[in-house]
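Here's the structure we're looking at; comments come further down.
In our numbering, the protein residues as written are 375 to 546.
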């Protein structure tokens, strides 16, 4: 019964047993008793549990399924953005961020994540070429330099904005 699975999943979550939570939610989804249709938030709970294990394809699929059936909300959009970043689907992540309505600081963090992951991917490519004794092309050197500069600028801007916010709110 999916109701029992959901109750057990919530207990497992409270106890920090994310593996058990994932298993119970998986069991609830396997059940065909219609309980999930009455509780659409469970789709996002399952996506959150899958996120704990880095199952980003599943996270993205669940977020998109939720959005197709029930409409998008902040949690489903956030899950899809995070999954796109971790799956290195940078164009999709940027597209999703262009309509992101959450906190500007969170949006900036996602932008930093994208640039950081792009830089890491380029470094891997360059390291792989070095192992194969290939020369780095001028284009690759520029391609690596651009995200580094962008990353540095974004951090500077984030720190400046954070400092301004801190000074604006003051300390009580």
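Idealized CB from N, CA, C, for every residue including glycine.
Note that the coordinates shown come from a computational prediction; the quantities given were computed from them, not determined experimentally.
| Check | Outcome |
| --- | --- |
| Alpha carbon to alpha carbon, how far is residue 441 from residue 498? | 34 Å |
| Would you grab the beta carbon distance between residue 454 and residue 434 for me? Rounded to a whole angstrom, and I think it's under 8 Å. | 6 Å |
| CB-CB under 8 Å to residue 436, same chain, minus the five flanking residues each way: which ones, in chain order? | 417, 418, 420, 421, 424, 453 |
| State buried or exposed for residue 475, treating a residue as buried only when at least 16 other CB atoms are found within 10 Å of its CB. | exposed |
| Would residue 467 be called buried (16 or more neighbouring beta carbons within 10 Å of its own) or exposed? | buried |
| Leaving out five residues on either side along the sequence, give the residues of the same chain with a beta carbon under 6 Å from the beta carbon of residue 449. | 418 |
| Mapping DSSP to helix, strand and coil, what is residue 396? | helix |
| What residue range does the alpha helix (DSSP H) around residue 376 cover? | 376-388 |
| Assuming residue 407 is part of the alpha helix (DSSP H), what are its boundary residues? | Segment: none, residue 407 is in no alpha helix (DSSP H) and carries neither H nor E. |
| In terms of residues, what are the limits of the alpha helix (DSSP H) holding residue 492? | 478-505 |
| With a threshold of 16 other CB atoms inside 10 Å of the CB of residue 458, please say whether the residue is buried or exposed. | buried |
| From residue 469 to residue 502, what distance separates their C-alpha atoms? | 29 Å |
| Among 415, 429, 412, 504, which residue has its Cα nearest to the Cα of residue 392? | 429 |
| For residue 427, name the three-state secondary structure that DSSP assigns. | coil |
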